[in-house]
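Comments concern the structure below.
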Amino acid sequence: MSIETSGRRRLGRVAGVAAAVLAAGALVAPAAAAAPSDTSPATSAGKATPVSVRVIGINDLHGNLQPPSGSSGRVTVGPKMTVDAGGAAYLATHVKQLEAQVHNSLLVSAGDNIGASPLPSALFHDEPTIEFLNDIGLDASVVGNHEFDEGYRELLRMQFGGCSPTDGCQFRPKFSGAKFPFLGANVFFTNGVPALLPFTVKVTGGVRVGIIGVTLHDLPSVVTPAAVAGLKFGDEVAAIDKTANLLDKFGIKTQIVVMHQGDETEPGSTPNSCNVNPGIGIQIARAASAKVDAFFTGHSHQQYNCMVMDPAGQPRPVIQGLSFGRLLSVVDLKINRSTRDVTRSATYAHNEIVTRDVVPDPKVAALVDLAVSKSASVGNKPVGSITADIVRAAPASGEEPLGDVIADAQLAATANSNGAQIAITNPGGVRADLTYAQSGSEGAGVVTYAEAFQVQPFANIMQTITLTGAQLKAVLEQQWQPQPGGTVTVRILQISSTLHYSWSSSAAIGSKISNITVAGVPVDPAAKYRVSVNNFLAAGGDGFTVFAAGTDLAGGLIDLDAFTAYLTAHPNLAPPTATGDRITVLP
Ligand SMILES: [Zn+2]
161 MSIETSGRRR
171 LGRVAGVAAA
181 VLAAGALVAP
191 AAAAAPSDTS
201 PATSAGKATP
211 VSVRVIGIND
221 LHGNLQPPSG
231 SSGRVTVGPK
241 MTVDAGGAAY
251 LATHVKQLEA
261 QVHNSLLVSA
271 GDNIGASPLP
281 SALFHDEPTI
291 EFLNDIGLDA
301 SVVGNHEFDE
311 GYRELLRMQF
321 GGCSPTDGCQ
331 FRPKFSGAKF
341 PFLGANVFFT
351 NGVPALLPFT
361 VKVTGGVRVG
371 IIGVTLHDLP
381 SVVTPAAVAG
391 LKFGDEVAAI
401 DKTANLLDKF
411 GIKTQIVVMH
421 QGDETEPGST
431 PNSCNVNPGI
441 GIQIARAASA
451 KVDAFFTGHS
461 HQQYNCMVMD
471 PAGQPRPVIQ
481 GLSFGRLLSV
491 VDLKINRSTR
501 DVTRSATYAH
511 NEIVTRDVVP
521 DPKVAALVDL
531 AVSKSASVGN
541 KPVGSITADI
551 VRAAPASGEE
561 PLGDVIADAQ
571 LAATANSNGA
581 QIAITNPGGV
591 RADLTYAQSG
601 SEGAGVVTYA
611 EAFQVQPFAN
621 IMQTITLTGA
631 QLKAVLEQQW
641 QPQPGGTVTV
651 RILQISSTLH
661 YSWSSSAAIG
671 SKISNITVAG
681 VPVDPAAKYR
691 VSVNNFLAAG
701 GDGFTVFAAG
711 TDLAGGLIDL
721 DAFTAYLTAH
731 PNLAPPTATG
741 DRITVLP
């Protein structure tokens, strides 16, 4: 028999029993009613029966309404074993199933619900994704960094509704906003006034559950400066502690944190493993107030299910469920009715795979279908025009015409805001050619949003770092990477018009680069240069580890937004005529 029960009914029964006892003049309460144990059977008096509350978490959905494809739509469940997962209509069914197994549940998100989204959501400023989250009954979400992609004002529109100031209401006749609160206990205006709600309180099973939201304190490093102008982001632990104490004063003893911060895992991690490289996520979960009973985390797009000790030596779960709606993080809490607090030893947490073998939720499926069909026409929106094909195929130097354009676009997007002098991008991030031939209903030479999206589909974030001249040379030398077995992997980075250099085909690896200039001036090894790269390279991706040593990191636009802005600002864009002049090959 389930010990979950409707709190209201049970409390009513307890009140009735108490009244009867008093009426009978009994001075000694029945033993069962006084039993402090929370493991008493459900037939004992209600006060002793724990309330079971299931909290279901999502994180980093990123507007993935359709089932994500490729490796983004798979979950590793064992050595060389994966399961296809994700898709809003399947997720909705899984949520309903998990909710149906219990009497009391809450649904929360650890952020990045929106932003960096596929076309069906992105084209409508993520309004379809907010509608989806409303439909599945999300109770609360913390703000991730991507909730700020289009700035604080747009975040307020996501919360309170209204049509886009630039594009109007293109998805539905009106947009009513989120029915759940966006939380951020460590998000302030620069004068110190809170810019978002720090917490929300939900009543379920007759108990109050405090939900505290905190986002990454270094959020400004992963968004464009304009998006967070006038805001500041405080320490996560300090914000949790302050909010937890406040909730405690209100008598709210059951507290959970939704946190847009998380850790990386070791290769081979599975949904319920805890192969975490303990990073900031685990550190926060260990250090923050012992009043918090569970942490739902995000941002790192990893799968883990860990227990850590709080400062009082009690265990509490720290859980994350990959990204794009592939996993649901489930934490089952047992709450003592007398103390209104969680019996930690009875907490059970697991990650549930959003498999695609369930019946898709019909209402959500209809919403997704509408977003997909409507996006086909909105995707034809012109964002620029070209006079001829601009392709990725490169001469011997490795300098690609389209690579030139993208690097120039990335420099243009970060020169004023971040003081960037050069931009460098990875060739693997340029995914398709821009073709002159008519593709859809638009005329020849017109570049549509959908076409630009095919070129830059990863929604990488632009970041500007400071490198010394010596580091700039070192990272260019990393274009040749010796591999085990004696082969060499060559990846020629794509560079803006402000950077020129030569490489030697005969020189040894590590000594190939010479004649580096920035804006026509020879590079001084000791001087500092502001360099814009995407967040993949900034983290040292593709073996370009020198980028990770960059300093003074400032965030920027999503790469696609930088690209479309450049195309719009340069109509009738011709392929760079002097392809090969930025990079010269020497014997
Ligand atoms: Zn994030």
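Its first residue numbered 161, the sequence shown is counted upward by one per residue in the working numbering. Quick reminder that beta carbons are idealized off the backbone N, C-alpha and C, glycines included.
Item	Value
Three-state secondary structure (DSSP) of Gly588	helix
Rounded Cβ spacing between Ile584 and Asn695 (contact assumed at less than 8 Å)	That pair is no contact at about 13 Å.
N- and C-terminal bounds of the beta strand (DSSP E) containing Glu512	Tyr508 to Ile513
Residue from Ile546, Phe618 and Val590 whose Cα sits closest to the Cα of Gly605	Ile546
Ligand 1 heavy atom lying under 6 Å from the CB of Asn305	yes
Own chain residues within Cβ distance below 6 Å of Val383, not counting five before or after	Asn305, Phe308 and Gly715
Whole-Å CB distance - Leu258 paired with Val418, under 8 Å assumed	The pair is not a contact, with the Cβ atoms about 17 Å apart (cut-off 8 Å).
Proximity of Asp299 and Gly458 at Cβ, strictly below 7 Å	no
Residue burial classification, Ala648 (beta-carbon count within 10 angstroms, cutoff 16)	First, the amino acid is wrong: residue 648 is Val here, not Ala. It is exposed - the Cβ of Val648 has fewer than 16 other Cβ atoms within 10 Å.
His459 beta carbon near ligand 3 (any heavy atom closer than 6 Å)	No copy of ligand 3 appears in this structure; the ligands present are ligand 1.
Residues of its chain near Ala404, where Cβ-Cβ distance is below 7 Å and the 5 sequence neighbours each way are ignored	Ile372, Gln415, Ser449, Lys451 and Val452
Closer than 6 Å: Asp272 CB and nearest ligand 1 heavy atom	yes
Three-state secondary structure assigned by DSSP to Ser692	strand
Straight-line gap, Ala472 to Leu407 (C-alpha atoms, nearest Å)	18 Å
Identity of the residue in Thr326, Leu225 and Val215 nearest Gly532 by Cα	Note that residue 532 is Val in the sequence shown here, rather than Gly. Nearest option by C-alpha distance: Leu225.
Identity of the residues DSSP links to Leu266 by a beta bridge	Val215
Pro201 burial status per 10 Å Cβ neighbour count (16 or more: buried)	Unreliable placement is indicated for Pro201, whose pLDDT of 40 sits below 50; the coordinate value is still reported in the next sentence. Result: exposed.
Top-ranked residue by Cα proximity to Gln638, from Asn586, Ala597 and Gly603	Asn586
Buried versus exposed, by CB contacts within 10 Å (16 or more), Arg742	buried
Option in Pro278, Asp517 and Val302 with minimal Cα separation from Ser232	Pro278
Leu487 to Leu632 span [Cα, whole Å]	40 Å
Leu746 burial status per 10 Å Cβ neighbour count (16 or more: buried)	exposed
For Lys362, the first and last residue of its enclosing alpha helix (DSSP H)	Careful: Lys362 lies outside any alpha helix (DSSP H), inside the beta strand (DSSP E) at Phe359 to Thr364.
Separation of Phe393 from Ala355, as counted between CA atoms	10 Å
Completely contained beta strand (DSSP E) runs for the segment 563 to 627, where each covers 3 or more residues	582 to 585 and 606 to 608
For Asn732, the three-state DSSP class (helix, strand or coil)	coil
Touch test, the segment 535 to 550 against the segment 728 to 735, Cβ-Cβ under 8 Å, three pairs minimum	yes
Inter-residue Cα distance where the pair is Thr203 and Asp529	Note on Thr203: pLDDT 41, under 50, position unreliable in the model; no value is reported.
Distance CB(Leu267)-CB(Gly297) smaller than 7 Å	yes
Three-state class that DSSP yields for Leu283 in the structure shown	coil
Gln480, buried or exposed, once every other Cβ within 10 Å from all chains shown has been counted against 16	buried
Proximity to Ala445 [Cα-Cα], best of Pro431, Ala399 and Asn432	Ala399
Expected contact under 8 Å - CB spacing of Ile625 and Phe704 to nearest Å	12 Å between Cβ atoms; not a contact.
Spatial distance of Thr499 from Thr209 (CA atoms)	12 Å
Validate contact between the segment 588 to 597 and the segment 551 to 570 using beta carbons, cut 8 Å, 3 pairs	yes
Nearest-angstrom beta carbon gap, Gln616 and Gln719 [assumed within contact, 8 Å]	In the sequence on display, residue 719 carries Asp and not Gln. Their Cβ separation, rounded to whole angstroms, is 5 Å, which keeps Asp719 and Gln616 in contact under 8 Å.
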